[in-house]
Amino acid sequence: MIICLDVGNTNIKFAVFDGDEFKVSFRIATEHKKTSDEYGGQLLSILRSSGINPAEIKGGIISSVVPPLDYTLERMCLNYLKFKPLMLAPGLKTGLNIKVDNAKEVGADRVVNNVAAVRKYGFPLIIIDFGTATTFNVINNKSEFIGGVIAPGIKGSLDSLVNGTAKLPRVEIERPSTVIGKNTVTNMQSGIVYGFSGLVEYLVKKIKGEMQCDGVKVIATGGFSEVIAAEIKCIDKVDKLLTLDGLKYLYDLNTEN
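Sequential numbering from 117 applies to the sequence shown in the numbering used here.
Here it is, written out as structure tokens:
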């Protein structure tokens, strides 16, 4: 078995695979001040409660957009799972042809999503990740990553609204029955859900216009992908495990010998 870690600004997502079989996935909060021992103890507890014997995990890979945690999580794997994980960094084989101004600026999560989406869905593609930020990745009809868009994240936008005002409450991010809200909560939910739905629809339309090719599929992933996909028609597929499937593929690609 192997374990894949997708380290984001808000959560760390884990998945365990036994060969090609997906076994379990879970997430814990990203906390910069946690030690490798704290992360390790938490990981072992979750694995055992999920019916996974940690001793059977023989390898792993980490994709991270939080550099201060890279060493911590590498030490966690060494001390608690007894292996040194692969780190998604320059030098690791990805097979992705990146055609942007500076390939080193492209986040690890975007690389993994692109690799996984091309492998699973072909190309051309637009991959939208509803994470801490909302990212749009564009794959042309030559299977090249040619750039994209980075927009504010849904949860971050709501947090900014709540923290920047004295009277607005924290609300659940869910679709209200009407665009015109009848109270403060549904006013806020309408602004978040319908507002971001409009943002996604408009950007997808503009991106497709610039791509100038037929058959562009739109794949969505990330925590709020289902909420937005239920509201608009331009998203062809929601794949919540896209990043973790990509990490599994990259682990196999770099350890095949």
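Glycine included, C-beta positions come from ideal geometry on N, C-alpha and C.
Computed from a predicted model, the values in this text were never measured in an experiment.
With DSSP as the reference, label residue i as helix, strand or coil.
i, result
"Pro268", "strand"
"Lys350", "The sequence shown places Cys at residue 350, rather than the Lys named in the question. If DSSP states are grouped into helix, strand and coil, Cys350 belongs with coil."
"Leu212", "coil"
"Ser166", "coil"
"Cys120", "strand"
"Leu202", "strand"
"Val332", "coil"
"Asp134", "strand"
"Lys129", "strand"
"Lys139", "strand"
"Gly223", "coil"
"Gly207", "coil"
"Gly339", "coil"
"Gly175", "strand"
Give the C-beta separation of residue i and residue j to the nearest angstrom, bearing in mind that I take them to be a contact with Cβ-Cβ under 8 Å.
i, j, result
"Lys209", "Asn370", "5 Å"
"Ala131", "Ile244", "Between Ile244 and Ala131 the Cβ distance is about 20 Å, and since that is not below 8 Å, they are no contact."
"Val309", "Ile296", "Wrong, their Cβ atoms sit about 13 Å apart, outside the cutoff."
"Thr250", "Gly269", "6 Å"
"Val354", "Ser341", "5 Å"
"Gly124", "Gly247", "6 Å"
"Leu360", "Cys120", "5 Å"
"Leu284", "Thr300", "7 Å"
"Gly175", "Phe138", "That belief does not hold up - the Cβ atoms of Gly175 and Phe138 are roughly 16 Å apart, past 8 Å."
Using 8 Å as the threshold, is the C-beta distance between residue i and residue j below it?
i, j, result
"Val227", "Leu241", "no"
"Ile177", "Leu202", "yes"
"Gly339", "Asn229", "no"
"Ile168", "Ile118", "no"
"Asn231", "Tyr365", "One detail in the question is off: residue 231 reads as Val in this sequence, not Asn. Yes; because the gap between Cβ atoms is below 8 Å, this pair is in contact."
"Tyr155", "Thr126", "no"
"Ile344", "Val320", "no"
"Asp136", "Lys129", "no"
"Ser165", "Asp225", "no"
"Val182", "Thr146", "yes"
"Glu347", "Ser313", "yes"
Might you give, ordered along the chain, the residues of its own chain that have their beta carbon closer than 7 Å to the beta carbon of residue i, omitting 5 neighbours on each side?
i, result
"Ile162", "Phe142"
"Ile266", "Ala249, Thr251"
"Met327", "Pro240, Val254, Asn256"
Short of 6 Å in beta carbon distance, which residues of its chain neighbour residue i, apart from the five on each side in sequence? Order them along the chain.
i, result
"Pro292", "Thr302, Gln305, Ser306"
"Arg286", "Val278"
Can you list, in chain order, the residues of its chain with a C-beta nearer than 8 Å to that of residue i? Leave out the 5 residues immediately preceding and following it.
i, result
"Ile262", "Lys215, Val216, Val254, Ile255, Asn256"
Establish whether the CB of residue i and some CB of chain D are separated by less than 8 Å.
i, result
"Ile128", "Annotation note: the requested chain D is absent from the structure, which comprises a single protein chain."
What residue ranges within the stretch 241-319 form continuous beta strand (DSSP E) runs of no fewer than 3 residues, ordered along the chain?
-> 241-246, 249-255, 260-268
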